[in-house]
Structure formats: C-alpha cells, structure tokens
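Enquirer: Before I ask anything, here is the structure I am working with.
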Amino acid sequence: MTIKEVSKENIMLKYAILIVSFAMAVFHFGTAIHILDPILQRSLHLFFGLTLIFLIYPTSKKSNIKNWAIDIILLILGIASTLYISFNFEELGFPMRIAYPNLFDKILGVILVIVVLEATRRVIGPIMPTLAFIFISYSFFGPYLPGFLKSPGLSFNSFIGQGYLYVHGIFGTPLGVSATLVFIFILFGAMYKASGAENLFQGISMAFFGRLTGGPAKIAVVSSALFGTISGSSVANVATTGSFTIPLMKKVGYSKEFAGATEASASIGGQLMPPIMGASAFIIAEVLGIPYLEVVKAAIIPAILYFSSIFMSVDFYARKNKLKTLSKEELPNIFNVFKDTGILILPLLLLVYLFAFLRWYPTRVAFWTIVLTIIVGYIKKGKFNDLSWILDGAQEACKNALLPICACSCAGLIILSIQSTGLGLVIGQFLIKLSQSNLRYGTSYCCSLYDCCYCSRAKYNKVWSTSNCFTSFCILFCYYVFYYTTCCIKCLHWSWNRGW
Numbered sequence: 235m236t237i238k239e240v241s242k243e244n245i246m247l248k249y250a251i252l253i254v255s256f257a258m259a260v261f262h263f264g265t266a267i268h269i270l271d272p273i274l275q276r277s278l279h280l281f282f283g284l285t286l287i288f289l290i291y292p293t294s295k296k297s298n299i300k301n302w303a304i305d306i307i308l309l310i311l312g313i314a315s316t317l318y319i320s321f322n323f324e325e326l327g328f329p330m331r332i333a334y335p336n337l338f339d340k341i342l343g344v345i346l347v348i349v350v351l352e353a354t355r356r357v358i359g360p361i362m363p364t365l366a367f368i369f370i371s372y373s374f375f376g377p378y379l380p381g382f383l384k385s386p387g388l389s390f391n392s393f394i395g396q397g398y399l400y401v402h403g404i405f406g407t408p409l410g411v412s413a414t415l416v417f418i419f420i421l422f423g424a425m426y427k428a429s430g431a432e433n434l435f436q437g438i439s440m441a442f443f444g445r446l447t448g449g450p451a452k453i454a455v456v457s458s459a460l461f462g463t464i465s466g467s468s469v470a471n472v473a474t475t476g477s478f479t480i481p482l483m484k485k486v487g488y489s490k491e492f493a494g495a496t497e498a499s500a501s502i503g504g505q506l507m508p509p510i511m512g513a514s515a516f517i518i519a520e521v522l523g524i525p526y527l528e529v530v531k532a533a534i535i536p537a538i539l540y541f542s543s544i545f546m547s548v549d550f551y552a553r554k555n556k557l558k559t560l561s562k563e564e565l566p567n568i569f570n571v572f573k574d575t576g577i578l579i580l581p582l583l584l585l586v587y588l589f590a591f592l593r594w595y596p597t598r599v600a601f602w603t604i605v606l607t608i609i610v611g612y613i614k615k616g617k618f619n620d621l622s623w624i625l626d627g628a629q630e631a632c633k634n635a636l637l638p639i640c641a642c643s644c645a646g647l648i649i650l651s652i653q654s655t656g657l658g659l660v661i662g663q664f665l666i667k668l669s670q671s672n673l674r675y676g677t678s679y680c681c682s683l684y685d686c687c688y689c690s691r692a693k694y695n696k697v698w699s700t701s702n703c704f705t706s707f708c709i710l711f712c713y714y715v716f717y718y719t720t721c722c723i724k725c726l727h728w729s730w731n732r733g734w
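Below, the structure is given as structure tokens:
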C-alpha cells in the first residue's frame, strides 16, 4: 500500500467521521424538542454511536487489509442490527412479538450483543464487557448453579425479547438517558467550547489567581471548576484546561508529576460541578423520577468542598516549596477579558435562568442554550459564513458521547441479568448483612468496590440494578456528599501532616 493510498484512506475516513458526527448532532438537536418513540430514539442513538466507534477506534494501529475487514464487518453488523429495530419499532409494541421473537430477531439480537461488547472493549477497556459476558452467561446457566447462586434463569427467547426488542437490556433506561439528556448537554458543552468560552474561563482564572503563590496550580483548579460547569466530562476538562495549565505549573517550579496530578484531580470534578454534570447525574434523576435541578442542588456543596480541598492542597505545597508566581506581564487584564469574551457568558446565564427560575425540562433548556451559543459565537467571531467551528464542536461532542453510549448499553445487559434472575435481591441482602442493616454504609461499600473498575455512570447503573428506590436515594447521598466530603477531609489531614 503506497503512501498516497494511505493518505487518501485517511482523508476519506476523516470526512466519514465528520459527516456521521454532524448527522448525529443534528439528529439529537432536532429531537431535543420533539423526542421520538423511546426504542426508535435509542436505536438510532446507538446506530450513530457504533458507527463512530468502529470508524474512530480501529482493531489495531497497524493499517492492513485484515484489520480493515474486521472493522468494516463489525460496522456493517452494528448498522444492520440497530436499523432493524428502527425500521420495525412499530411492530415491537405487540407483546407476542417480544415473547416469541422470529429468526431474524434472534440472529440480529445475538449480533448486536457481540458488537456492543466489542465496542465497549474498544472505548472503555476489557473489564466491563467481560463482566457483562459473565452476567449474560449467568442468565442462562443460573438454574444449574448450587446454593444461593441458583436462579430461575432466562430462556433464549426471553433474553432476545427483553434485551433486544424491548426497552430493557441494551435499549434500557441508561441508554435512554444517554440518548435524550446526556448527549444534548455534551453537545452544548462542545459548542460552547468551540465558540471560544475556554478563553473566557482561562482569562478569568488567570486574572484573579495568577498572582497568588503557586498561581498556575490554582489557575488549573479554578479553570477546571469553571469549565466543568458546562462540560460534565473529566476527559474534556483535562484536554481543554491541561494543555495550558500544566506547562505553566512546570514553569514556576512544580514537578511534572505534581502538575499532572493536580490537573487530573481538578478535572475529575468536572462531572460533579453544576449546572451541567456528568451522565450519572441524569441517570440518577431519571431513575428516581426527580427533577434534574434537585440533583444539581445536592451536588453544590460537595463540589465546592472538593475543589476547595484541592485548592488548599496546592496552596500548602506552593508555600512549603516557596514557588514563585506569574509575572504581571504574563497575566491578562480582567477588563480586557470581559471586553473580548464577556458576551460568551450569556448562554450560561440563560441555562441557569431556564433551569432555576422557569424550571424547563432539561432537553428544552439545552436546545435554546445551543441556539444562543451559536448566535453569540457568530457575533464574537464576526464570520457569518464560517461553519468550521460548528463542525468542530459537533465532532467533539460525538467523540465525547461514545463513552456514555458504550457504558449505558453494556450496563443495560448487566441490569437485565441482575433484575430478571433475582440476583439483585441476593446482592441486596448480602449488602444489608455486611452493613448491619445500614443502607447508607452498604451503598457506600458498593460504590467503593465499583470505584476500582468502573466509570461513574457504569457504577451507578450497577449499584442501582442491585437495589430499590430508597437505596438509590442513599447512593445520591453517599456518593455526592459522604464520599467527596471524606476525600476532602482526608486530603486536608494528609496535607497538614506533610507540613503543607
């Protein structure tokens, strides 16, 4: 294969990713006002997600015919198995079709399960799809296991009917939240960033905190907190703020290890910082049947404690090591910052107003804030015929959405197995005994265990699937208050003992 052929393939792949990303963004932007039938919305959401995954995440870094063939086959199978649901969603409303799936349903159902597991492995890693495979196996072999592990199990027809043809399993509640709430806010965050909002946040944090002791580290904490208000993503937070804060920290004397750790720790709080939080917050609101605004209120104090603890830690470290500050010439003037980018604060103000005062539904809020973001972005840039920044924002949003799509669809399979086999009751009883009937402690044990191998949205799905509604409320309390408050206290205690 010649260099020219490789470059042509890369260009074609780049345009394919761009076209699919733009189509996916337009689809979700349009359905933010008029949401489709649940299984139609979710199947098309997964269709776009799987298409992008097999375009962006190849089988191997080595480009050869064999690897290309595997990716194309998986891509075709993913498209076929998701669009089959989209084209036949009206027929799936009949109970008899779900109870007695036909041959095509069975074949495509098995194919989609395999494709989802492989897509999750490529995006998240091998742990979650492996565990999903174990739970799926348990659904079939549960009747043959001894002792408390024995369960009624699931028939193959029931597994396909509930896991593929119905709004359980792959197309369950987690993927539904991703398809309606999570993606539209990821799109808003990406568009807001593409409009130039990151310059606003960076300018504010540098102007106010750059002159303090260890200023660059404090800039990293504050800019991560500010950017977290609209991103809801730890990865996007690191990629955006870390690109300029880490070099600044190294410049004034921070070690490269401490600089990277500070940025990573601050950016993790991006999914905890209101008003736009991580996917777990939307899943919590959907499962408990409470307004998203209530979840936001519950997260305000833990978010402040979390970022305050990191801020104080870097301050202790800077004072102990007598690190220098940034010079006045290196810092922006706050008035110039607001003069150049102040207009970009309008979408964020509109978001808070629609949420807090008018109490609109989240998708409707996101729709109008995106509209205002595009208008404000064009006014700031002054180029009304330039679509490049909108395309960049749409592409970044779709890439950021791939992880929640995989996590939610794979978690749906695990939830189906736990709920349909009765394993959730067994695990729930075990947790109650372990915590001596204190559900708050039991739930915190469960969260700590899943912390070892899951992202937050997958962890919440797992814990929710093994518990009832009251325990889910305890998760909200423990995970967003007890857990992060404990982290803050431990961090301060550790810093004090180190003399920081």
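One point on numbering: in the working numbering, the residue at position 120 of the sequence shown is 354, and numbering is uninterrupted. Where is the CB? At the ideal position from N, CA and C, for every residue including glycine.
(1) CB-CB under 7 Å to LEU311, same chain, minus the five flanking residues each way: which ones, in chain order?
(2) Could you tell me the distance, in whole angstroms, from the CA atom of GLY283 to the CA atom of GLN629?
(3) Quick one: what's got a C-beta closer than 6 Å to ASN702's C-beta in the same chain, skipping five residues either side?
(4) How far does the alpha helix (DSSP H) with ASN567 in it extend, from its first residue to its last?
(5) Considering only the alpha carbon of each residue, which of ALA552, VAL571, ILE639 lies closest to ALA614?
(6) Closer than 6 Å by C-beta to LEU584: which residues in its own chain qualify, once you throw out the five before and the five after it? Chain order, please.
(7) With distances taken Cα to Cα, identify the nearest neighbour of GLY264 among PHE417, GLY343, PRO335.
(8) With the cut-off set at 8 Å, would you say LEU286 and VAL260 are in Cβ contact?
(9) Residue range of the alpha helix (DSSP H) that GLU630 falls in?
(10) On the DSSP letters alone, give me the boundaries of the alpha helix (DSSP H) that TYR378 sits inside.
(11) Compute the distance between the beta-carbons of ILE453 and GLY444, then report whether it is under 8 Å.
(12) Here's the rule I'm using: 16 or more other beta-carbon atoms within 10 Å means buried, otherwise exposed. How should TYR378 be labelled?
(13) Can a CB atom of chain E be found closer than 8 Å to the CB of ALA498?
(14) Would you kindly report the start and end of the unbroken alpha helix (DSSP H) that includes HIS279?
(15) For LYS427, count neighbouring C-beta atoms within 10 Å of its own C-beta (all shown protein chains included) and say buried if the count is 16 or more, exposed if not.
(16) Whole angstroms are fine: how far does the CA of ILE649 sit from the CA of PHE209?
(17) In this structure, does DSSP put HIS268 in helix, strand or coil?
(18) State the Cα-Cα distance for the pair LEU247 and ARG593, rounded to the nearest angstrom.
(19) Measuring only the C-alpha atoms, how far is ASN391 from GLU491?
(20) With 16 as the cutoff for other CB atoms within 10 Å, does ASN471 come out buried or exposed?
(21) For LEU252, does the three-state DSSP call read helix, strand or coil?
Expert: Checking against the coordinates, here is how it stands:
(1) In its chain, beyond the 5 residues on either side, ILE345, VAL349 have a beta carbon closer than 7 Å to the beta carbon of LEU311.
(2) Going by the C-alpha atoms only, they are around 12 Å apart.
(3) Confidence at ASN702 is low in this model, with a pLDDT of 39, below 50, so its placement is unreliable and the value that follows should be read with caution. Taking C-beta separations shorter than 6 Å and ignoring five residues to either side along the sequence, ASN702 has no partners in its chain.
(4) From DSSP, ASN567 is part of no alpha helix (DSSP H); its letter is neither H nor E.
(5) Sequence inspection shows Lys at residue 614; the Ala mentioned does not correspond to that position. Nearest of ALA552, VAL571, ILE639 to LYS614, Cα basis: VAL571.
(6) Taking C-beta separations shorter than 6 Å and ignoring five residues to either side along the sequence, the partners of LEU584 in its chain run THR603, LEU606, following chain order.
(7) The shortest Cα separation from GLY264 among PHE417, GLY343, PRO335 belongs to PHE417.
(8) Contact flag unset, no.
(9) Start and end: 622-655.
(10) Note, TYR378: premise wrong, no alpha helix (DSSP H); not H, not E.
(11) Going by C-beta atoms, ILE453 is nearer than 8 Å to GLY444.
(12) TYR378 should be labelled exposed.
(13) The chain inventory of the structure shown lacks chain E, comprising one protein chain alone.
(14) Counting along the chain, the unbroken alpha helix (DSSP H) around HIS279 starts and ends at 272-290.
(15) Around the beta carbon of LYS427, a 10 Å sphere encloses 16 or more other beta carbons of the protein chains shown; the residue is thus reported as buried.
(16) No statement about residue 209 is possible, as the shown extent of the chain runs from 235 to 734 and does not include it.
(17) Three-state DSSP puts HIS268 in coil, outside helix and strand.
(18) A direct Cα-Cα distance of roughly 42 Å separates LEU247 from ARG593.
(19) Spanning the two alpha carbons is a distance of roughly 53 Å.
(20) ASN471 comes out buried.
(21) If DSSP states are grouped into helix, strand and coil, LEU252 belongs with the helices.
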